[in-house]
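Taking it in order: structure first as structure tokens, then the write-up.
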């Protein structure tokens with residue numbers, strides 16, 4: 129222990145780790161290695177808190193444990209030769225090191241295998257060089273103290289000295305073992321032939337017979353006593369199990385054989401098996417029916433390439449050479465090259481019948497391999513693809529007819545927009561002119577008739593415009609682009625400003641995303657849905673809200689209103705053309721607006737639906753794929 133006179137001025141220990149740890153735990157604390165503040169010497173503080181009646185720390189009693197004294201103490205202990213002792217703190221600083229204290233005390237050697245092992249584990253053993261010396265030492269170490277073990281102590285011995293002791297003990301025991309072995313060998317020679325040799329010979333003979341295919345072979349050992357007898361019995365049980373399994377397999381093959389034969393000879397597909405060089409070896413009934421050859425005409429005579437379109441075989445060889453970056457010879461190699469490399473191969477090919485006619489086929493090729501994984505042949509399974517090709521031709525024809533019909537529809541829409549609206553405007557204008565010229569001369573019935581005719585003309589003009597818009601959703605659309613739907617909604621609200629002010633409507637919206645869309649069509653979609661909310665309203669002022677959420681790689685937009693709502697039985701009808709739920713006197717319109725919305729959303733690869741309760745408003749939902757839909 130160390131004692132020193134009081135310092136001339138106060139010294140604070142608040143910055144010491146041991147003091148902060150003592151404040152936290154309020155328990156006896158052992159410090160790490162430090163240099164004293166009063167006397168600059170290495171020591172280890174031992175601190176004890178003095179608590180008042182409230183349990184608070186009133187003062188601290190600190191004793192300084194001299195590191196030099198600890199090392200001197202170890203030297204006087206007269207430890208056995210080859211002994212090593214090491215004491216470190218929780219930081220890995222060496223506090224004591226026997227027999228090399230002077231050179232290493234106070235050093236931190238975290239890369240030392242011994243110190244690293246002591247810091248990583250609470251206790252254990254390790255073979256490492258002694259700090260300050262390179263000779264290998266076998267150490268055992270453990271923590272010293274409570275809690276997180278502020279100190280670690282290791283005691284070790286030179287490996288060479290330990291091995292000398294072990295070798296002496298080993299030689300002594302080895303001599304005893306040799307004597308015992310000699311006695312045992314004498315007894316074994318006497319009884320070995322009876323107890324070991326005969327059972328082993330029986331087991332070996334039975335093993336040879338089973339390996340030769342005789343599953344009825346048995347050792348005949350009783351299996352009651354002795355390891356070899358029990359081994360013989362286990363061997364007999366194994367042979368019996370193999371014999372039973374072989375019998376079951378033979379029975380299964382007898383049952384499955386006819387089924388496999390029936391499948392292979394099915395007339396619905398051709399099965400052509402070849403040898404490794406491509407010469408046909410098997411030609412099933414389906415192949416005979418499809419190609420017109422008998423098996424006798426092709427087996428051992430030709431390859432499948434000789435009944436295939438030669439131009440397609442050449443094109444396939446060229447395409448595969450480019451794809452696989454290797455030269456492939458036109459012919460049978462081109463038909464099986466991928467399969468020979470372990471690549472799944474299904475392709476279209478034109479087969480040529482015996483009579484010279486041709487038909488399209490889908491061919492699947494499999495390489496046949498033996499037990500050594502060597503290719504011994506190929507199996508080509510073919511199906512007649514004529515019906516599918518005919519269906520594809522019909523689809524192409526219908527697609528062409530549809531394209532032509534759409535072009536005619538677009539032409540009609542143009543006529544409806546221009547040529548039909550022009551005479552309609554003339555009729556409406558002349559009716560209004562007639563009304564002004566005959567001012568005061570027309571009775572009430574005539575005025576009513578003129579008003580109805582002018583109104584019908586206006587509705588007709590609106591209907592033609594809506595039909596034109598509907599027809600042009602797909603044909604006169606713009607490419608999809610990145611659209612800020614937040615800014616687009618503001619532009620739409622500016623267009624609807626007058627209608628919003630007249631109805632006293634309030635429109636709110638959440639932050640809206642940027643999406644891949646046709647800007648003009650998305651604006652039309654917003655305008656139609658908002659106009660719906662303004663039109664189908666109750667007596668109170670309309671309240672509209674637009675929101676968007678992200679779900680499954682798509683944005684789901686929602687346009688809500690506090691309007692009259694929709695009865696459940698009409699929720700699916702409202703998106704059809706000319707589908708109206710109210711009379712024109714109640715709510716004007718053409719019945720095309722929501723149909724236009726549906727067509728716009730579908731062009732973008734999304735869907736639209738509505739959730740509503742009668743008298744409680746409606747929410748229209750539509751989705752826009754995150755990265756653009758079919759129109760991309």
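Numbering (my numbering), first residue to last: 129 to 760.
All residues carry an ideal CB built from backbone N, CA and C; glycine is no exception.
Asked	Found
Endpoints, beta strand (DSSP E) assigned at residue 127	Any property of residue 127 remains undetermined from this structure, which presents the chain solely from 129 to 760.
Cβ pair count under 8 Å reaching 3, the segment 720 to 740 against the segment 682 to 694	yes
Exposure label - residue 665; buried when at least 16 CB within 10 Å	buried
Spatially closest choice to residue 461 from 628, 646, 431, by CA coordinates	431
Residue burial classification, residue 629 (beta-carbon count within 10 angstroms, cutoff 16)	exposed
Beta strand (DSSP E) runs contained entirely in the segment 409 to 488, provided each spans 3 or more residues	473 to 480
Contact under 7 Å by Cβ, residue 617 with residue 748	no
Closest by C-alpha distance to residue 436, when choosing among 419, 470, 465	419
Contact check, residue 238 vs residue 220, beta carbons under 7 Å	yes
Delimiting residues of the alpha helix (DSSP H) encompassing residue 731	721 to 731
Cα-Cα separation between residue 514 and residue 486, rounded to whole angstroms	10 Å
Residue 653 and residue 633 closer than 7 Å at C-beta	no
Where the beta strand (DSSP E) containing residue 740 begins and where it ends	736 to 740
Contained beta strand (DSSP E) runs [length at least 3] in the segment 167 to 253, N- to C-terminal order	170 to 179, 185 to 194, 211 to 217, 222 to 226
Candidates 492, 456, 509, 469, of which the one nearest residue 397 by Cα	509
Cβ-Cβ separation, residue 166 to residue 139 (assumed contact under 8 Å), whole Å	7 Å
Opposing strand residues paired with residue 158 [DSSP bridges]	174
Nearest neighbour of residue 186, chosen from 151, 202, 213 [CA to CA]	151
Neighbour-count burial assignment, residue 178, 16 or more Cβ in a 10 Å radius	exposed
Validate contact between the segment 489 to 500 and the segment 445 to 459 using beta carbons, cut 8 Å, 3 pairs	no
Proximal residues to residue 141 (C-beta, below 7 Å), its chain only, five neighbours per side dropped	147
For residue 634, the three-state DSSP class (helix, strand or coil)	strand
Separation of residue 347 from residue 270, as counted between CA atoms	59 Å
Sequence-distant residues of its chain with Cβ nearer than 6 Å to residue 406 (five each side left out)	431, 460
Residues sharing a beta bridge with residue 506, DSSP	402, 495
Reduced DSSP secondary structure (H/G/I, E/B, other) of residue 609	strand
Through-space distance from residue 216 to residue 109, alpha-carbon basis	With the chain running from 129 to 760 in the structure shown, residue 109 is simply not present.
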